[in-house]
Amino acid sequence: MASASGDDMHAFAARLFPICRSITGNGVRETLAIIKRDMIGDLAIHEVPSGTKCFDWQVPDEWNIRDAWLKGPGGASVANFRDSNLHVVGYSEPIDETMPLTRLKPHLHSNPEMPDAIPYVTSYYERRWGFCLPHAELSRLADGEYHAFIDSTLEPGHLTYADLLIPGQSDREVLISTYVCHPSMANNELSGPVVAAFLARWIAGLPSRRLSYRFVFGPETIGAIVYLSRNLDHLKRHTVAGFNLTCIGDDRGYSYVSTRSGATLADRTVQHVMTHVAPGHRKYSWNDRGSDERQYGWPGVDLPVVAVMRSKFGSYPEYHTSLDDLSVVTPTGLAGGLAVLQRCIEALEANDVYRTPFLCEPQIGRRGLYRTLGVGSTGEAAQMRLDIMSYADGEHDLLQIADAIGRPVWDLSPYVTELLAHGLLQTGQSGAGLVPRHARG
Numbered sequence: 170m171a172s173a174s175g176d177d178m179h180a181f182a183a184r185l186f187p188i189c190r191s192i193t194g195n196g197v198r199e200t201l202a203i204i205k206r207d208m209i210g211d212l213a214i215h216e217v218p219s220g221t222k223c224f225d226w227q228v229p230d231e232w233n234i235r236d237a238w239l240k241g242p243g244g245a246s247v248a249n250f251r252d253s254n255l256h257v258v259g260y261s262e263p264i265d266e267t268m269p270l271t272r273l274k275p276h277l278h279s280n281p282e283m284p285d286a287i288p289y290v291t292s293y294y295e296r297r298w299g300f301c302l303p304h305a306e307l308s309r310l311a312d313g314e315y316h317a318f319i320d321s322t323l324e325p326g327h328l329t330y331a332d333l334l335i336p337g338q339s340d341r342e343v344l345i346s347t348y349v350c351h352p353s354m355a356n357n358e359l360s361g362p363v364v365a366a367f368l369a370r371w372i373a374g375l376p377s378r379r380l381s382y383r384f385v386f387g388p389e390t391i392g393a394i395v396y397l398s399r400n401l402d403h404l405k406r407h408t409v410a411g412f413n414l415t416c417i418g419d420d421r422g423y424s425y426v427s428t429r430s431g432a433t434l435a436d437r438t439v440q441h442v443m444t445h446v447a448p449g450h451r452k453y454s455w456n457d458r459g460s461d462e463r464q465y466g467w468p469g470v471d472l473p474v475v476a477v478m479r480s481k482f483g484s485y486p487e488y489h490t491s492l493d494d495l496s497v498v499t500p501t502g503l504a505g506g507l508a509v510l511q512r513c514i515e516a517l518e519a520n521d522v523y524r525t526p527f528l529c530e531p532q533i534g535r536r537g538l539y540r541t542l543g544v545g546s547t548g549e550a551a552q553m554r555l556d557i558m559s560y561a562d563g564e565h566d567l568l569q570i571a572d573a574i575g576r577p578v579w580d581l582s583p584y585v586t587e588l589l590a591h592g593l594l595q596t597g598q599s600g601a602g603l604v605p606r607h608a609r610g
């Protein structure tokens, strides 16, 4: 399996890290433009006007920020947007005022449990302004006059998202979604877009594809809702599996959030891959959802999308703080996240429902697939061929067969190709393909 360099992935994350992103604005545009220019040339970028209705939501005003700082008595710097874009509450209105500390304090935010970290705070749908500080610094602020300055705009504009379809032989699609809406946090924000971009480039370079692959990059929650409001009918007709990529760049382990049913092709694929690649992984239920899998799996939408992660959002100590930096996301972490998704793609590409056309075992020895001198055991390769055929009843797909045999599906794929070539296997359900009748979740 070809793989990108973890160092290249980490370097790409480092390029995107300083950009101040939010759910709208130039930071999102700049991020998507870099991904398009340097990674995915066919990425289509879309603009949706503020006020656009999308189900029960509407696109908010666009927010952009140029500069911000907070100065204390005597002009001492307390917080500066140029030092960290997390110092400013997301979607802050502009302000240029001097005020006493008693009036300022309601606009200051910290996390007492992480006293040395700048917390990530946003206010997307209520107009307010504010600054974020490490709690240790906030506790030391002296009485006096403070000058709050935020040079921002909050006015009608657009929400920006991007998508890409990599076509295959079939119009059955795999959805890969990630978000580009947080400021400088490496694992929570950038690991998903970086892994998705490198995955798209890898898929596009495959010599052949049975399935088609749809990539979506947009702001979390509102972006997924906008995308679904525009594409739901198509997605419901064509999506056979989907993966929402988030927090997938650290070195602490692997995890995923299941769909509501827990039994879709996406669930079975991720479970199978992680069983063999990351046996210590953790499975979370739908009740633990928190990213865009919420929207894709909502009743009436019902798309088979799981969230694929290393450390789950909200579960690692640096989450939603300035400590979620480029030391949390590592080259090996990013490369490992990519490798899991590549294995998922390989599994989906290989998966089908098979049947053997023979009553009793076929004579594979005369086809050169079984030694003709009966000494010792049958041999691993011959046993693998026989095991695959023994489960090929037209009711079980290759993932289920691989689980029954206890081997990864990518180990079985070469044998399946060989057995098909010898006429020892056939696809088992005309027109059904990927998913057996009793396992469609």
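The sequence shown begins at 170 in my numbering and counts up one residue at a time. For each residue, glycine too, the CB sits at the ideal point set by N, CA and C.
Report the partner residues of residue i according to the DSSP bridge assignment.
i, result
"P531", "Partner(s): none; P531 has no beta bridge."
"E462", "According to DSSP, which records beta bridges pairwise, E462 is partnered with nothing at all."
"S424", "R451, M478"
"P288", "T490"
"I188", "Note: I188 sits in no beta bridge, so no partner."
"E314", "P269"
"H278", "C301"
"A237", "I319"
"N413", "S346, A476"
"E324", "E231"
Determine the extent of the alpha helix (DSSP H) in which residue i is found, giving its start and end residues.
i, result
"Y382", "First-last for Y382: 381-387, but that is the beta strand (DSSP E), not the alpha helix (DSSP H)."
"I391", "391-407"
"F181", "175-185"
"T438", "434-446"
"R370", "360-373"
"E306", "304-307"
How is the beta strand (DSSP E) around residue i delimited, first residue to last?
i, result
"H327", "327-335"
"F250", "Segment: none, F250 is in no beta strand (DSSP E) and carries neither H nor E."
"E266", "264-269"
"R524", "522-524"
"E295", "Looking at the DSSP string, E295 is not in any beta strand (DSSP E), and its letter there is neither H nor E."
"Y260", "Note, Y260: premise wrong, no beta strand (DSSP E); not H, not E."
"I417", "First-last for I417: undefined, no H or E at that position."
State the CB to CB distance for the pair residue i and residue j, rounded to an integer number of angstroms; the pair is presumed to be in contact (CB under 8 Å).
i, j, result
"F250", "H276", "Not a contact, Cβ separation roughly 15 Å."
"I514", "I372", "6 Å"
"R493", "N400", "Reading off the sequence, residue 493 comes out as Asp, not Arg. 31 Å between Cβ atoms; not a contact."
"M478", "C529", "With a Cβ gap of about 46 Å, M478 and C529 do not count as contacting."
"H215", "Y330", "6 Å"
"A366", "I204", "5 Å"
"V363", "F181", "6 Å"
"S656", "S253", "The requested residue 656 is not part of the displayed model; the chain covers only 170 to 610."
"T408", "E342", "5 Å"
"Y584", "R554", "6 Å"
"G259", "Y293", "7 Å"
"L307", "S279", "4 Å"
"F482", "G459", "5 Å"
"C350", "P388", "4 Å"
"V439", "A508", "Contact flag wrong, Cβ pair sits at about 13 Å."
Would you say residue i reaches chain D, if we count a Cβ-Cβ gap shorter than 8 Å as a contact?
i, result
"A508", "Although the question refers to chain D, the structure presented lacks it and comprises just one protein chain."
Task: Within the stretch 468-505, ranges of the beta strand (DSSP E) (whole runs, at least 3 residues) - done: 474-478
Task: Secondary structure, beta strand (DSSP E): runs of 3+ residues fully inside the stretch 546-596 - done: 562-566
Task: Continuous beta strand (DSSP E) assignments of at least 3 residues falling wholly in the stretch 193-234 - done: 213-218
Open item on the list: Contact between the stretch 346-358 and the stretch 458-475 is defined here as three or more beta-carbon pairs at a separation below 8 Å; is this criterion met?
Closed with: yes
TODO: Determine, using beta-carbon pairs with one atom in the stretch 263-279 and one in the stretch 313-320, whether at least three such pairs fall under 8 Å.
DONE: yes
Open item on the list: Does the structure place the stretch 459-467 close enough to the stretch 492-505 that three or more beta carbon pairs sit under 8 Å?
Closed with: no
Open item on the list: When you compare the stretch 434-454 with the stretch 407-414, are there three or more beta-carbon pairs, one atom per stretch, that lie closer than 8 Å?
Closed with: yes
Open item on the list: Under 8 Å, with one C-beta from each stretch per pair, do the stretch 213-232 and the stretch 375-385 reach the 3-pair mark?
Closed with: no
- [ ] Examine the Cβ distances between the stretch 448-455 and the stretch 417-426 and report whether three or more of them are shorter than 8 Å.
- [x] Segments in contact, yes.
TODO: Give a yes or no on contact between the stretch 564-572 and the stretch 514-528, applying the rule of three or more CB pairs nearer than 8 Å.
DONE: Look at the beta carbons and you see the stretch 564-572 touching the stretch 514-528: at least three pairs across the two are nearer than 8 Å.
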